[in-house]
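To start, the structure itself, in structure tokens.
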Amino acid sequence: MYLLPTLFFWQACAPNPSNPVLPEIRTCEGCHTNAALLQSLDQSRSVPAAGYSGDQVSVQVESWWPEVYIDLEGNSSFRDLDPAHGDIGCRDCHGGVEPGDATAAHDTSQGFLRDPSTDPEAHCTPCHETKVAAYLNSFHFQTWGIQTALAQRQLGADKTHENFAECPAPLTDGYDRECSTCHATCGQCHLSRPTVAGGGLLNSHRFDRPDPENTCQVCHEERITRELTGALDGNEADVHHQQGMDCLDCHTEDFHADASSANSFYAWAGLPQCVDCHTDADSANVYHETHWPDGSSYPRSLDCQVCHAQPYTSCSGCHASGEWVTDPAYSVVDTTLKIGLNPDPGQRPMVKWTLLRHIPVTPETFAPWGLSTLDQFDSRPTWNHTSPHTIRRWTARTDTTGGGACSDRCHYHANFSFADPVNRDLYLTRTFLQENYGAEETANDSVVVENAICGATCHESF
């Protein structure tokens, strides 16, 4: 069966005179459907903390047996539980040797595979050939956007993920070692919690529609889940989450699709748009008529989140300033909301103004890998377009119950005077970069708005 955690209890399953093991449980299914046996073997274990590079930090998990238990729910065998996969033998997917000796059966040096879908061509293609062929080039299996960003910061702005292999070996090798392992396999969406979160079967080894709370929100916890659920100080839960919607209610795009032609996630066809549901809202009020992001109001057009998002997290810990963080206590949550110019007008020509999120990279970020500096660091912004999951109808920019116009809460000027703008802190300005991210000022030339507000920037084209 599909055993995500690597658990070192198998020697206890081996028969001996003082602790005989019944023949019926000396099989994969016999052991993993026997709750009493698994509980008798249970003990606390240490697993790597998710999300950190370099030396792994261990955390204690009180109980592992539910993570590997297959509840037959009154059925006589796993075949009854999952007819589609029940006729496939455990070793046909997981490999290894005969399960009479459990220690040997789970020995990776003997061919045991904890997650067979790490090699989907070998284990999933026989039944799912078309999906696997596309998924091998998907955003959830590959990391095209990261590779494009690294290639551009090292080789130049005209490069894409297709040029990544041309980067110096310290960068490509470090990427393979540190970055490429976190993206999803088939099993980590349809069968188990992701390995980076400790693994564990979700529904007794059934292959199901992904459970967003235990798959999507686990991998995307630090930013999206915290934002979505209102965990950030001062925020309320995203209105869609509050109404009981889950990730797949909006994200109906094909997660298995070949995305090799896209250089960022936002170039992926089929991404959800606010207007997919809010089709009639463009004429709902004067603010929508003025700023609706369909090109008709360009260059006054705004991403919907500019008005309707609450603050969100920007990364400032992790591996910024060339420091690889191994202590979870160091993880810094920097809550921001910054309006700036659209960093990719070619890809998103309908919108001029958007929200920007900080990317934690500096010229020396990859020095621990042996790359002293990124040669073309300034070739792309470190403040990039974002669509935070912190949406509310009423935010600090849309709520005018205290008097005044909506524009008083977000326009840069004060009564059309730029001498002392009242909303300066809402914008990504050159002054802000100089004071907080001095090494990144040049990289963000295309998205900062200081001293160019309104006349030349707000109401004119690029």
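In the working numbering, the protein residues as written are 1299 to 1760. Quick reminder that beta carbons are idealized off the backbone N, C-alpha and C, glycines included.
Item, Value
"Sequence-distant residues of the same chain with beta carbon closer than 7 angstroms to residue 1591, five excluded per side", "1599, 1600, 1601, 1602, 1648 and 1649"
"Three-state secondary structure assigned by DSSP to residue 1458", "coil"
"Three-state secondary structure (DSSP) of residue 1607", "strand"
"Sub-9 angstroms separation of residue 1707 and residue 1699 beta-carbons", "no"
"Spatially closest choice to residue 1545 from 1556, 1519 and 1567, by CA coordinates", "1519"
"Simplified DSSP assignment, three categories, for residue 1634", "strand"
"Neighbour-count burial assignment, residue 1498, 16 or more Cβ in a 10 Å radius", "buried"
"For residue 1475, the first and last residue of its enclosing alpha helix (DSSP H)", "1467-1476"
"The segment 1485-1493 / the segment 1408-1423 touching (three or more Cβ pairs under 8 angstroms)", "yes"
"Identified DSSP bridge partners for residue 1682", "1655"
"Neighbourhood of residue 1537 by C-beta, 6 angstroms cutoff - its chain only, sequence neighbours within 5 removed", "1689 and 1690"
"Residue 1429: first and last residue of the uninterrupted alpha helix (DSSP H) it sits in", "1423-1433"
"The segment 1359-1370 contacting the segment 1501-1511, beta-carbon criterion three pairs below 8 angstroms", "yes"
"Straight-line gap, residue 1436 to residue 1605 (C-alpha atoms, nearest Å)", "32 angstroms"
"Identity of the residues DSSP links to residue 1600 by a beta bridge", "1651"
"Cβ shell of residue 1391 (< 6 angstroms), same chain only, five flanking positions each side left out", "1414 and 1421"
"Close-in-space but distant-in-sequence residues of the same chain around residue 1568 (CB under 8 angstroms, 5 per side omitted)", "1550, 1551, 1552 and 1555"
"Under the three-state DSSP convention, the category residue 1526 falls into", "helix"
"For residue 1382, the first and last residue of its enclosing alpha helix (DSSP H)", "1381-1384"
"Residue from 1572, 1448 and 1377 whose Cα sits closest to the Cα of residue 1505", "1377"
"Nearest neighbour of residue 1730, chosen from 1693, 1681 and 1512 [CA to CA]", "1681"
"Rounded separation between residue 1585 and residue 1429 - CA only", "43 angstroms"
"Beta-carbon spacing of residue 1477, residue 1444 below 9 angstroms", "yes"
"Residue 1639, DSSP secondary structure in three states", "strand"
"Beta-carbon proximity of residue 1683 to residue 1652, cut-off 9 angstroms", "yes"
"C-alpha gap between residue 1423 and residue 1386, whole angstroms", "14 angstroms"
"Selection from 1710, 1672, 1723 and 1702 that minimises the alpha carbon distance to residue 1737", "1672"
"Beta-carbon contacts of residue 1744 that lie in its chain and below 7 angstroms, excluding the five residues immediately before and after", "1639, 1641 and 1679"
"Extent of the continuous alpha helix (DSSP H) run through residue 1549", "Taken as a continuous stretch (DSSP letters only), residue 1549 belongs to no alpha helix (DSSP H), as it is neither H nor E."
"Exposed unless 16 or more other CB atoms sit within 10 angstroms - verdict on residue 1381", "exposed"
"Distance between beta carbons of residue 1705 and residue 1454, contact taken as under 8 angstroms", "Actually they do not touch by this definition, with Cβ atoms about 40 angstroms apart."
"Same chain only: Cβ atoms within 6 angstroms of residue 1741, ignoring 5 sequence neighbours per side", "1676, 1679 and 1680"
"Contact belief for residue 1492 with residue 1523 at Cβ below 8 angstroms, rounded distance in angstroms", "Contact flag wrong, Cβ pair sits at about 13 angstroms."
"Euclidean distance between Cα positions of residue 1449 and residue 1661", "13 angstroms"
"Pick from 1388, 1527, 1595 and 1460 that is closest to residue 1411, judged by C-alpha positions", "1388"
"Test item: CB-CB of residue 1611 and residue 1525 under 9 angstroms", "yes"
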